[in-house]
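In my numbering, the protein residues as written are 379 to 520.
This report refers to the structure that appears directly beneath it.
Set out below in structure tokens:
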């Protein structure tokens with residue numbers, strides 16, 4: 379097998395590994411292997427090809443990986459923060475620092491007053507934060 383074919387196969391193996399473990403880890407090796415495959419057209423010594431692969435792998439980890447992780451990261455705001463925090467809810471059971479119930483999106487949630495104030499049933503509140511299944515709210519000033 380010719381050197382460029384071998385490095386191309388290695389690159390595809392790393393791409394397949396990246397598909398099954400999407401962590402932007404093996405992608406760096408795949409890019410390095412493809413660069414080494416091109417370099418093998420000009421360089422015949424195995425030692426130098428391995429050196430090219432190692433150098434480009436290191437450069438890829440240092441410069442390319444952070445860019446790819448930032449660009450393709452799925453760590454966008456999801457869950458509780460995006461759906462509930464900052465939203466207006468209705469008080470179903472009087473809220474104080476120790477107990478209370480709100481409804482939002484047709485769901486009932488345990489609620490506590492953020493500042494300890496008593497908020498009467500039927501009022502509207504703004505959800506400030508949550509801890510597990512308890513929403514912390516403050517009264518809306520309409």
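C-beta: ideal position from N, C-alpha, C; glycine also.
- The three-state secondary structure of residue 394, taken from DSSP, is helix.
- Under the 10 Å beta carbon count, residue 418 is surrounded by 16 or more other beta carbons and is classified as buried.
- For residue 424, the enclosing alpha helix (DSSP H) covers residues 424 to 437.
- Per DSSP, the beta bridge partners of residue 508 are 513.
- When DSSP reads this structure, residue 467 sits in a beta bridge with 503.
- For a cut-off of 8 Å, the C-beta gap from residue 472 to residue 496 is around 7 Å, short enough to register as a contact.
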